[in-house]
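*Asks:* Mapping of the sequence shown onto the working numbering: residues 1 to 161, in sequence order. All C-beta atoms, glycine included, are put in the ideal place defined by N, C-alpha and C. Since this is a predicted model, take the numbers as computed values, not measurements.
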Amino acid sequence: MEHDTKNVNDSKEDGTERYYLVREDILPEAVVKTMQAKELLARGQVKTVHEAVETVGISRSAFYKYKDGIHTLSRLERERLVTVSMDLEHRSGILSKVLAVIAGLEGNVLTIHQTIPLQGMASVVLSIDTSQMGSYNAGRLMDVIRHQDGVRKASMIGQGS
């Protein structure tokens with residue numbers, strides 16, 4: 001009888017990583033304490049990893065083993081970035097209206113790249129932090145942008161943290 005010897009911590013065969021939402025009380029103690037140490041460092045309550053691990057009671061090797069693999073859910077939710085590509089009519093105020101709509105939905109535009117208008121159209125790429133947008137997910141945001149006057153085409157070309 002053959003057994004699959006693939007380590008359960010490995011990425012899936014296609015190279016993508018898997019994530020799970022797990023209640024804290026079922027995690028191993030070293031993982032929970034690693035998160036506590038990271039929080040102490042982030043809040044500035046300790047200055048070094050050595051101080052952090054001593055405070056929570058784990059080894060430095062355990063901290064370094066788990067530190068890149070555990071994050072609070074709120075941190076992951078806060079870091080939602082969307083990259084949007086648009087073709088806008090070359091008329092005064094079109095981009096301003098799109099930006100106002102995004103701001104009105106609590107989106108935070110991080111970068112703007114606009115080409116020089118050619119044949120009455122300008123290409124614009126926006127990077128948007130959507131973490132404060134509440135119930136507006138990226139799909140709903142795209143619907144709102146697409147329905148703005150002067151927006152000929154809008155598509156999401158990237159999403160992630």
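#1: What is the DSSP secondary structure of Met121, counted as helix, strand or coil?
#2: Do you know offhand how far Val22's Cα is from Gly160's?
#3: Per the DSSP calculation, Gln159 is bridged to which residue(s)?
#4: Start and end of the alpha helix (DSSP H) containing Ile94?
#5: Helix or strand or just coil, what does DSSP make of Lys153?
#6: Would the beta-carbon of Ala52 fall within 7 Å of that of Ala30?
#7: For Val109, which beta-bridge partners are listed by DSSP?
#8: From the DSSP output, in three-state form, read off Leu41 for me.
#9: Quick test of your reading: Val101 and Ile145, contact by CB under 8 Å. State the CB separation rounded to the nearest angstrom.
#10: Using the Cβ count rule (16 or more neighbours within 10 Å means buried), how would you classify Gly69?
#11: With DSSP as the reference, please indicate the residues paired to Leu88 in a beta bridge.
#12: Under 8 Å by Cβ, that's how I've got Gly134 and Leu88 pegged, so tell me the actual separation to the nearest angstrom.
#13: For Gln36, which option in Tyr19, Glu54, His90 and Tyr20 has the closest C-alpha, if you only look at C-alpha atoms?
#14: For Lys97 versus Gln132, is the C-beta distance shorter than 7 Å?
*Replies:* Walking through what the data contain:
#1: For the purposes of this step, residue 121 is taken as residue 121 along the sequence shown, with counting starting at 1. Three-state result, Met121: strand.
#2: Sequence index remark: in the sequence shown, residue 22 carries index 22 (1-based). Sequence index remark: in the sequence shown, residue 160 carries index 160 (1-based). The alpha-carbon atoms of Val22 and Gly160 are separated by roughly 21 Å.
#3: Counted from its first residue, the sequence shown places residue 159 at position 159. For Gln159, which the question treats as bridged, DSSP gives the partners Val82.
#4: As a working mapping, residue 94 is identified with position 94 in the sequence shown. Where Ile94 is concerned, the enclosing alpha helix (DSSP H) stretches over Ile94 to Gly104.
#5: Here residue 153 refers to the residue found at position 153 of the sequence shown. Lys153: strand per DSSP, three-state reduction.
#6: Translated into positions along the sequence shown, residue 52 becomes position 52. Translated into positions along the sequence shown, residue 30 becomes position 30. In this structure, Ala30 does not lie closer than 7 Å to Ala52 by Cβ.
#7: The residue you call residue 109 lines up with position 109 of the sequence shown. Val109 pairs with Ile128.
#8: Here residue 41 is taken as the residue at index 41 of the sequence shown, counted from 1. Here Leu41 sits in helix by DSSP.
#9: Mapped onto the sequence shown, residue 101 falls at position 101. Mapped onto the sequence shown, residue 145 falls at position 145. The pair is a contact, with the Cβ atoms about 7 Å apart (cut-off 8 Å).
#10: Numbered from its first residue, the sequence shown carries residue 69 at position 69. By the neighbour-count rule (16 or more Cβ atoms within 10 Å), Gly69 is not buried but exposed.
#11: As a first step, residue 88 is located in the sequence shown; it is residue number 88 there, counting from the start. Note: Leu88 sits in a beta bridge opposite Ala122 and Val151.
#12: The count along the sequence shown starts at 1 and reaches residue 134 at position 134. The count along the sequence shown starts at 1 and reaches residue 88 at position 88. About 26 Å separates the two Cβ atoms, so there is no contact after all.
#13: In the sequence shown, residue 36 corresponds to position 36, counting from 1. Answer by Cα proximity: Glu54.
#14: As a first step, residue 97 is located in the sequence shown; it is residue number 97 there, counting from the start. As a first step, residue 132 is located in the sequence shown; it is residue number 132 there, counting from the start. Result no, Cβ atoms of Lys97 and Gln132 do not sit closer than 7 Å.
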